[in-house]
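Heads up: the first sequence begins at 0 in numbering that gives the first Met the number 0, then just goes up one per residue.
Think of the CB as a built atom: it goes at the ideal place given N, C-alpha and C, for glycine as much as any other residue.
For reference, the structure discussed in these notes is given below.
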Amino acid sequence: MAGARITPRAQDYAQWYQDVVREGGLAEAAEVVRGCMVIKPHGYAVWEKMQADLDRRFKETGHQNAYFPLLIPLSVLAKEAQHVEGFAMECAVVTHSGLKAHDGKISVKNELEEPYVVRPTSETIIGHFFKKWIDSYRDLPMLLNQWANVMRWELRTRLFLRTGEFLWQEGHTAHATHAEAQEEVARMLDVYRDFAHEVMALPVIQGVKTENERFAGAVETRCIEALMQDGKALQAGTSHDLGQNFGKAFDVTFQNQQGAREHVWQTSWGVSTRLVGAVVMAHSDDDGLVLPPRLAPIHVVFVPIWKSDAEKAQVCEAAHKLAKELREDGLGVKVDDRDNLRPGDKYYEWERKGVPLRIELGPRDLAAGTVMAKRRIAPLDANGKAVKETLSMQDLGVAVGRILDEFQRFLYERALAFREANTVVVDTWDEFVAVFKGEGSKFVHAHWDGTGATEKAIKEATKATIRCLPYDGQGPALEPGRCIKTGAPSARRVLFAKNY
RNA sequence: CGGGGCGUAGCUCAGCUUGGCUAGAGCGUUGCGUUCGGGACGCAAAGGCCGGAGGUUCGACUCCUCUCGCCCCGACCA
0 MAGARITPRA
10 QDYAQWYQDV
20 VREGGLAEAA
30 EVVRGCMVIK
40 PHGYAVWEKM
50 QADLDRRFKE
60 TGHQNAYFPL
70 LIPLSVLAKE
80 AQHVEGFAME
90 CAVVTHSGLK
100 AHDGKISVKN
110 ELEEPYVVRP
120 TSETIIGHFF
130 KKWIDSYRDL
140 PMLLNQWANV
150 MRWELRTRLF
160 LRTGEFLWQE
170 GHTAHATHAE
180 AQEEVARMLD
190 VYRDFAHEVM
200 ALPVIQGVKT
210 ENERFAGAVE
220 TRCIEALMQD
230 GKALQAGTSH
240 DLGQNFGKAF
250 DVTFQNQQGA
260 REHVWQTSWG
270 VSTRLVGAVV
280 MAHSDDDGLV
290 LPPRLAPIHV
300 VFVPIWKSDA
310 EKAQVCEAAH
320 KLAKELREDG
330 LGVKVDDRDN
340 LRPGDKYYEW
350 ERKGVPLRIE
360 LGPRDLAAGT
370 VMAKRRIAPL
380 DANGKAVKET
390 LSMQDLGVAV
400 GRILDEFQRF
410 LYERALAFRE
420 ANTVVVDTWD
430 EFVAVFKGEG
440 SKFVHAHWDG
450 TGATEKAIKE
460 ATKATIRCLP
470 YDGQGPALEP
480 GRCIKTGAPS
490 ARRVLFAKNY
């Protein structure tokens, strides 16, 4: 009997997602704090894996970490008009300091002269300091990154995908020329793509956002878009060309080599804990979480099998010895030697938590000098049972390393195949409507007349939005045509989908 | 923030319509024993401010009002 259940995807995708997050031990609702989440140890460990890899990539591309305040004076936030307008409704505002007790009740005490906004993002407070720190072309480029929490007062929340508070990194850079800033925007989007492909085993499409979807205060927003198992798109990362908008708003200038003063050209780029949700929705199945090895806090779990106490002592000793060897290879290894659960219970538990490889070690294996390995997702044999692999205890690390590499590649290939099977080119409105009917969604490449009005009309009719104008080569060949909705001339197809 | 649903043991829920014994079940947990290669079983035990606050009543898990939180659908957004 299953103690805990996971609703099948086919039955209720939203419920399935919640079940996987809960049973995987990733996070839960903060309950007493509306719209916020508690990231539990296993979920936080996945985020730490992401952080470690991304941080290395940021350093390799010349960036340094820094930290700016959580609170932004309202007057500072308001300096860039479009920016404050875009975030106005989502801002939490601090208006008081201190508490006082009266009649047995606690209330706030001193009203602040100027309210603080809890950062929804940090362009403005960083703009304030860029002005102070940048004076000469010799100070440029300034390449910073911040790991931080931000708060956006969301009305409807989902664990990892949309919460009131979330964790992220935000890169902020300043450059002497627009061309250099544009290179930075493209470079960091490539970093995100590589990370998604190599570490998350998640294929993504790079592209440019429409004006409607652009970051508030940017002149151009680029993104990586991933396809989830229900056919909806998830924006997995963004990179913004801020032009001179913030440079002008905060009067960030530098003296160029000719001695003239110019406003800097800035960029910002970020990914968030939302990526944990992306991994869940991209790879997991009805048995629970599936983690790509490069994000798995535990790569291998040993389940010793025994009947007698003597056998228990022997197999556990052997399991711990092998585990130690694997840990020396840099792997996360757990030996589940609990004696209050039977092996089958352990199998299910670690599968729900997404451990890529399970190794069973019993008396028969011990005698033969082998172990039984079972991948988190394994092919079925003729009897419908998952295939287990017999591995020699000799050089186990080599075999395990190979299996984990294969599994990492398998997940990417599977996700890519899924995306290809769920990507279509559509040239008629009837076909377009049919794709998005009901809960339906796919990646749809279709022509669009380039106007915001048409974009909105399509959204109202189908709930599908333009995810991006894909990079050349990441969609169908660029060719002119007629808008799917209005029939007006279109320079190229764009990528539509319902989205998270 | 509008519409709908739901808050009772760690988890999933019953009880509420029609107010009344001592608030229940399964799973899980703890202890002992038998088990152990895909979700075992026996015996014993612990575990509840019935989400919170007011109200109606002799009496409230049950009825009324308010409030907090979660889920779903909208509108808004990463």
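Subject >> Stretch-stretch touch, CB-based, cutoff 8 Å, three pairs: the segment 168-175 with the segment 260-278 >> reply: The answer is yes - the segment 260-278 touches the segment 168-175, with three or more Cβ pairs under 8 Å.
Original post:
What number of angstroms, rounded off, separates the C-alpha of R413 from the C-alpha of L201?
Top reply: Within the first sequence, the letter at position 414 stands for residue 413. Within the first sequence, the letter at position 202 stands for residue 201. For R413 and L201, the distance between alpha carbons rounds to 9 Å.
**OP:** Identify the continuous beta strand (DSSP E) that holds V116 and give its terminal residues.
**Re:** As a position in the first sequence, residue 116 is number 117, starting the count at 1. Element bounds for V116: K104 to V117.
Subject >> Cβ distance (whole Å) where L390 is taken to contact V370 below 8 Å >> reply: One-based indexing of the first sequence puts residue 390 at position 391. One-based indexing of the first sequence puts residue 370 at position 371. Right, their Cβ atoms sit about 5 Å apart.
**OP:** Measure the CB-CB distance between V493 and A445 and report whether it falls below 8 Å.
**Re:** As a first step, residue 493 must be located in the first sequence, where it is residue number 494. As a first step, residue 445 must be located in the first sequence, where it is residue number 446. Cβ distance < 8 Å, so V493 and A445 count as in contact.
Subject >> Simplified DSSP state of R155, which is helix, strand or coil >> reply: To locate residue 155, count along the first sequence from 1; it is residue 156. Three-state DSSP puts R155 in coil, outside helix and strand.
Original post:
What is the DSSP secondary structure of M49, reduced to helix, strand or coil?
Top reply: Walking along the first sequence from the start, residue 49 turns up at place 50. Helix at M49.
**OP:** Please name the residue in G206, M227, A496 and M141 whose C-alpha comes closest to that of G474.
**Re:** As a position in the first sequence, residue 474 is number 475, starting the count at 1. Distances from the alpha-carbon of G474 to those of G206, M227, A496 and M141 put G206 closest.
Subject >> Other residues of its chain near V218: CB distance less than 6 Å, five sequence neighbours each side excluded >> reply: Position 219 of the first sequence, counted from the start, is the residue given in the question as residue 218. Correct list, in chain order: D240 and G242.
Original post:
Are there three or more Cβ pairs, one per stretch, closer than 8 Å when the segment 139-148 is compared with the segment 103-110?
Top reply: Inter-segment contact for the segment 139-148 and the segment 103-110 is absent: fewer than three beta-carbon pairs are separated by less than 8 Å.
**OP:** Work out the CA separation of D134 and D394 for me, nearest whole Å.
**Re:** Looking up residue 394 in the first sequence gives position 395. Looking up residue 134 in the first sequence gives position 135. Computed Cα separation, rounded: 59 Å.
**OP:** Indicate the three-state DSSP secondary structure (helix, strand or coil) for C222 in the structure shown.
**Re:** Within the first sequence, numbered from 1, the residue matching residue 222 stands at position 223. Correct three-state label for C222: strand.
Original post:
So F253 is in the beta strand (DSSP E); what residue range does that whole segment cover?
Top reply: As a working note, residue 253 is residue 254 in the first sequence. For F253, the enclosing beta strand (DSSP E) begins and ends at T252 to Q254.
Subject >> Inter-residue spacing [alpha-carbon to alpha-carbon] between W15 and L379 >> reply: Position 16 of the first sequence, counted from the first residue, corresponds to residue 15. Position 380 of the first sequence, counted from the first residue, corresponds to residue 379. Roughly 23 Å separates the two Cα atoms.
Original post:
Excluding the five sequence neighbours on either side, which residues of its own chain have a C-beta within less than 6 Å of the C-beta of W132, listed in chain order?
Top reply: Position 133 of the first sequence holds residue 132. Beyond the five residues adjoining it in sequence on each side, W132 comes within less than 6 Å, by CB distance, of no other residue in the same chain.
**OP:** Can you tell me which of I204, E316 and P488 puts its alpha carbon nearest to the alpha carbon of G472?
**Re:** The sequence position of residue 472 within the first sequence is 473, counting from 1. For G472, the closest of I204, E316 and P488 by C-alpha to C-alpha distance is I204.
**OP:** Could you tell me which of M49, S121, E79 and A277 sits nearest to R161, measuring between CA atoms?
**Re:** Residue 161 sits at position 162 when you count from the first residue of the first sequence. Per the Cα distances, A277.
Subject >> Buried or exposed by the 16-neighbour rule on C-beta atoms within 10 Å, applied to K484 >> reply: Counting from one through the first sequence, the residue named residue 484 turns up at place 485. The residue is buried, with at least 16 neighbouring Cβ atoms inside 10 Å.
**OP:** Would you mind sorting V299 into buried or exposed? The rule is 16 or more other CB atoms within 10 Å of its CB.
**Re:** Along the first sequence, read from residue 1 onward, the residue named residue 299 stands at position 300. So V299 counts as buried.
Original post:
In whole angstroms, what separates the C-alpha of A295 from that of G24?
Top reply: Residue mapping note: residue 295 aligns to position 296 of the first sequence, counting from 1. Residue mapping note: residue 24 aligns to position 25 of the first sequence, counting from 1. The straight-line gap from Cα to Cα measures roughly 13 Å.
Original post:
Between P72, V302, G170 and N421, which lies nearest to V116 when the distance is taken from Cα to Cα?
Top reply: Within the first sequence, the letter at position 117 stands for residue 116. The shortest Cα separation from V116 among P72, V302, G170 and N421 belongs to P72.
Original post:
Can you name, in chain order, every residue of its own chain whose Cβ lies under 6 Å from the Cβ of A164, other than the five neighbours on each side?
Top reply: Position 165 of the first sequence, counted from the start, is the residue given in the question as residue 164. Looking at the sequence provided, one finds Glu at residue 164 rather than Ala. Result list for E164: C35, N148 and M150, in chain order.
Original post:
Three or more beta-carbon pairs under 8 Å between the segment 57-75 and the segment 191-198, yes or no?
Top reply: For the pair of segments examined, the segment 57-75 was found not to touch the segment 191-198: the number of CB pairs separated by less than 8 Å stays below three.
Original post:
Comparing alpha-carbon positions, which option in R374, A232 and K320 lies nearest F435?
Top reply: Against the first sequence, residue 435 aligns to sequence position 436. Of R374, A232 and K320, the residue nearest in Cα terms is A232.
Original post:
At what residue ranges does the segment 299-343 contain a whole run of the alpha helix (DSSP H), taking only runs of 4 or more?
Top reply: Note on the segment 299-343: whole alpha helix (DSSP H) runs with a minimum of 4 residues are 308-327, in chain order.
Original post:
Among the residues of its own chain, which have a CB less than 7 Å from the CB of D11, if the five just before and after it don't count?
Top reply: Indexing the first sequence from 1 puts residue 11 at position 12. Answer for D11: no residue qualifies.
Original post:
Counting along the chain, where does the beta strand (DSSP E) carrying R492 start and finish?
Top reply: Translated into positions along the first sequence, residue 492 becomes position 493. That run of the beta strand (DSSP E) goes R492 to A496.
**OP:** Would you list the residues sitting across from G580 in a DSSP beta bridge?
**Re:** As displayed, the chain neither begins before 0 nor continues past 499, which places residue 580 out of reach and without an answer.
Original post:
Which partner residues of T464 appear in the DSSP bridge assignment?
Top reply: Along the first sequence, read from residue 1 onward, the residue named residue 464 stands at position 465. Paired residue(s): A496.
**OP:** Note down, in chain order, each residue of its chain lying with its Cβ closer than 7 Å to the Cβ of V83, except the 5 sequence neighbours on either side.
**Re:** As a working mapping, residue 83 is identified with position 84 in the first sequence. Around V83: L76 and A77.
Original post:
Which residue or residues does DSSP assign as beta-bridge partners of E164?
Top reply: Translated into the one-based positions of the first sequence, residue 164 becomes position 165. The partner list for E164 (beta bridge, DSSP) reads M150.
Subject >> C-beta atoms of R506 and L274 nearer than 8 Å >> reply: No answer is possible for residue 506: it lies beyond the span of the chain, which begins at 0 and ends at 499.
Original post:
How would you label R337, buried or exposed, when you count the other beta carbons within 10 angstroms and need 16 or more for buried?
Top reply: In the first sequence, the residue the question calls residue 337 occupies position 338. Exposed, because fewer than 16 other Cβ atoms sit within 10 Å of the Cβ of R337.
Original post:
Can you round the beta-carbon distance between G85 and F249 to whole angstroms, since I take them to be within the 8 Å contact cut?
Top reply: By one-based count along the first sequence, residue 85 stands at place 86. By one-based count along the first sequence, residue 249 stands at place 250. Wrong, their Cβ atoms sit about 17 Å apart, outside the cutoff.
Original post:
For R466, which option in S121, Q234 and E179 has the closest C-alpha, if you only look at C-alpha atoms?
Top reply: For the purposes of this step, residue 466 is identified with residue 467 of the first sequence, where counting begins at 1. The shortest C-alpha separation from R466 is found at Q234.
Original post:
DSSP three-state call for W428: helix, strand or coil?
Top reply: The residue given as residue 428 occupies position 429 in the first sequence. Three-state result, W428: helix.
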